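Worksheet: one structure, shown below.
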Amino acid sequence: MRWVFIFAALLVCSTLAIAPGMSLEIGLGHISQSIDEDTRPLDGDTLRMIGPRGGHATGVIIAAGRGPAAVQARLGRGGLVHSEDDSQNITRQVQVLYGSLTTDFARNPSTDAQSSFHDALIPRSEGTTAVQSLYVHIPIPRDSTPGLYRGTIDVRGRGGSAEIPIELYVSAMQLPPPQERRTWVDMLQSPDSVAYRYGVTLYSRQHLERLRPSMEMMANLGQQAMHVTAIAQTNFGNDEAMLAIGPRGIDFSGLEAYMNLFNETIGAPRFIIVYVYDGGSNDGVPQWTPPGGRRNGSTPALAASYGAEHRPIWQAAMEGLKQRAEQAGWEDTEILLGWIGDARPFGDYLECFTEVAPFARWVQFTHARGDPDERGDSDSISMLGMEVAYRIVPYSQHSISRGGGSGRGGWDNSFLQVSSMRGTNNQDTDLKFWLSQIPHAVQDGGSAHATSANFRGIGRIGMDFWQVQRPDGSSGRLLKRFSRWGNLQRDTAPALTAVGPEGALPTSRYLALWQGIQETEARILTEIGESGAASPENLSRQELSRIREQWWALRKVDELPPDLDAEHQALKQLYDAAAAVQAAQ
């Protein structure tokens, strides 16, 4: 049975012996803190949390002692009850998760399964560290009554105990379902990594159950793309393609199994992205040199065949995929062709797919701009005459560490361009960067066609590319295992999750990213109000602008963690303003 985080599992709290001469300091933390053995509690005595209906709220408690803290916590006997109507409570939603330096809890954990801070979140404390972080996490039901909920968290450990008051403010704002959000979050899930880590056959029933936790967490983040490999040994490190095309024909079984699980956990995607080209060089002369220097030499990809004799089977594969999407009821899902790298798919590649899949546009992950246009800029929507629907660039738009920009726009741009936020989402990047990723990524920086402007979110962040034993006997991560294009994907986090006994576990980075997403959705609603598209009562455009700017100042990384009380008030104003705009729409 999969390791599920439920409140009932946390109600047992045994009496702990208090070791002589030891003391335990118990207090508050912040979701932007990368907690380690040197961390101490922040000022404050009440754990205040806030979130929209259909969203979540997270609060952090820190227990710091002189020896192993061995901390346990549970919600107080009174539960979590609405302050004005005690018949309304969300007690059953409360989860207490414990931060861990260990990141692999499966059988035979990898030898380097350690983080520099408390990252993996587990249902009970390991009791081995002097500092223990506790994450009080509350998914807020969509039908919850707005208002203030109160309760207590009882914390006990070797050397001390505390009863911490908690307050949860549930905003009237409704967080849009994942498929309706304006922010774009595109995570990369690795079926092969999960199969190798648990020793199960690709796309078997056991494999799908191990994949499920990853997919459920992707749904929370708002995943809207399903990635399909149609060639093996890509930058994903896959030994086999999901859509297997070979001399004996096409095997759709893996694709069908994955589609069914995707539909169960996430729903119909906006895009199915089929990777058909993954190369580090090309035979023709490059149209132009990418910004930042000359094109570096790299080892060519193992060539797939795209000539005339192979086009019938490519066409059968693409038509078969299209048919299966229609059978799944994914009427609004668009199939895109994917290529990765700064090399351009000249010649056979372009001719092949123009012929066999005329219904499919392209997605690209590249440094480079598109075709020149008459304004002297470059048109991202066209690349060598190819129509591009979706583009990921490696650059972050502004200096996230200095809080550049004004936190406006981006989400309303017609062309879908996102950033992989290179340099600010490495595996051990501080949590303050993860909290601020989406607020900084969703911004308007200039022309609708410019490379460094108009980001609507993030893409190509690894979900579960864990350390695994590979089929050839070597060990390591699969991501970039067959890398053929240099620094395009350097500093990219391979795994936003930790390895659990039966599938992915959440991490503190995952919770921080999730919180940044829902805050940005609230910010977008205030911008809609500022634009005059919706006019909430008692809120002028100037007041909406002030509320947004007040929130934006909180997400400047150099100033994290903020004053806890000031942040709570600013977030309350943000969510309440967003709710007012929703009501006026």
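All residue numbers for the sequence shown refer to the numbering used here, where the first residue is 2 and numbers rise by one. For each residue, glycine too, the CB sits at the ideal point set by N, CA and C. The model shown is predicted, which means the values in this text are computed figures rather than measured ones.
If the criterion is Cβ atoms closer than 9 Å, does the pair residue i and residue j meet it?
i: residue 410; j: residue 465; result: no
i: residue 31; j: residue 561; result: yes
i: residue 429; j: residue 118; result: yes
i: residue 334; j: residue 251; result: no
i: residue 186; j: residue 133; result: no
i: residue 512; j: residue 59; result: yes
i: residue 137; j: residue 61; result: yes
i: residue 183; j: residue 515; result: no
i: residue 338; j: residue 394; result: no
i: residue 66; j: residue 154; result: no
i: residue 152; j: residue 135; result: no
i: residue 538; j: residue 585; result: yes
i: residue 493; j: residue 499; result: no
i: residue 35; j: residue 433; result: yes
i: residue 390; j: residue 362; result: yes
i: residue 331; j: residue 269; result: yes
i: residue 219; j: residue 188; result: yes
i: residue 1; j: residue 239; result: Look at the range of the chain in this structure, 2 to 586, and you will see that residue 1 is not part of it.
i: residue 75; j: residue 147; result: no
i: residue 279; j: residue 483; result: yes
i: residue 165; j: residue 57; result: no
i: residue 123; j: residue 98; result: yes
i: residue 1; j: residue 357; result: Residue numbering for the chain in the displayed model covers 2 to 586; residue 1 lies beyond these limits and cannot be assessed.
i: residue 194; j: residue 467; result: yes
i: residue 101; j: residue 121; result: yes
i: residue 417; j: residue 457; result: yes
i: residue 139; j: residue 200; result: no
Whole-angstrom Cβ separation of residue i and residue j, contact assumed at under 8 Å?
i: residue 495; j: residue 478; result: 5 Å
i: residue 245; j: residue 275; result: That pair is no contact at about 13 Å.
i: residue 455; j: residue 426; result: The Cβ separation is near 20 Å, so there is no contact.
i: residue 583; j: residue 175; result: 6 Å
i: residue 213; j: residue 469; result: Contact flag wrong, Cβ pair sits at about 18 Å.
i: residue 158; j: residue 95; result: About 19 Å separates the two Cβ atoms, so there is no contact after all.
i: residue 150; j: residue 262; result: Rounded, the Cβ-Cβ distance is 34 Å, inconsistent with contact.
i: residue 437; j: residue 308; result: In fact, because the Cβ distance is near 48 Å, the residues do not count as touching under 8 Å.
i: residue 321; j: residue 253; result: 6 Å
i: residue 548; j: residue 574; result: 5 Å
i: residue 336; j: residue 323; result: 6 Å
When DSSP labels each residue in this structure, what does residue i get in the three-state scheme?
i: residue 581; result: helix
i: residue 19; result: Confidence is the limiting factor: at residue 19 the pLDDT is only 35, short of 50, which leaves the residue's position unreliable, though a coordinate-based value still follows. Here residue 19 sits in coil by DSSP.
i: residue 311; result: helix
i: residue 107; result: coil
i: residue 119; result: coil
i: residue 75; result: strand
i: residue 95; result: coil
i: residue 237; result: coil
i: residue 410; result: coil
i: residue 68; result: coil
i: residue 377; result: Residue confidence for residue 377 is low, a pLDDT of 49 falling below 50, so the modelled location carries little weight and cannot support an answer.
i: residue 456; result: strand
i: residue 571; result: helix
i: residue 80; result: coil
i: residue 610; result: No statement about residue 610 is possible, as the shown extent of the chain runs from 2 to 586 and does not include it.
i: residue 325; result: helix
i: residue 449; result: Reliability fails at residue 449, whose pLDDT of 42 lies under 50, so the model's placement of it is uncertain and the value that follows must be treated cautiously. Correct three-state label for residue 449: coil.
i: residue 261; result: helix
i: residue 1; result: Nothing about residue 1 can be reported from this structure: the residues present for the chain run from 2 to 586 only.
i: residue 496; result: coil
i: residue 542; result: helix
i: residue 31; result: coil
i: residue 464; result: coil
i: residue 85; result: coil
i: residue 472; result: coil
i: residue 50; result: strand
i: residue 527; result: helix
i: residue 340; result: strand
i: residue 25; result: strand
i: residue 243; result: coil
i: residue 536; result: coil
i: residue 392; result: strand
Does the contact criterion of 3 or more C-beta pairs under 8 Å hold for the stretch 499-518 versus the stretch 247-258?
no
For the pair the stretch 179-196 and the stretch 86-101, tell me if three or more CB-CB distances fall below 8 Å.
no
What are the uninterrupted segments assigned as beta strand (DSSP E) that are 3 or more residues long and contained completely in the stretch 166-230, given in chain order?
185-189 and 226-230
Meets three-Cβ-pair contact criterion under 8 Å: the stretch 81-88 and the stretch 541-556:
no
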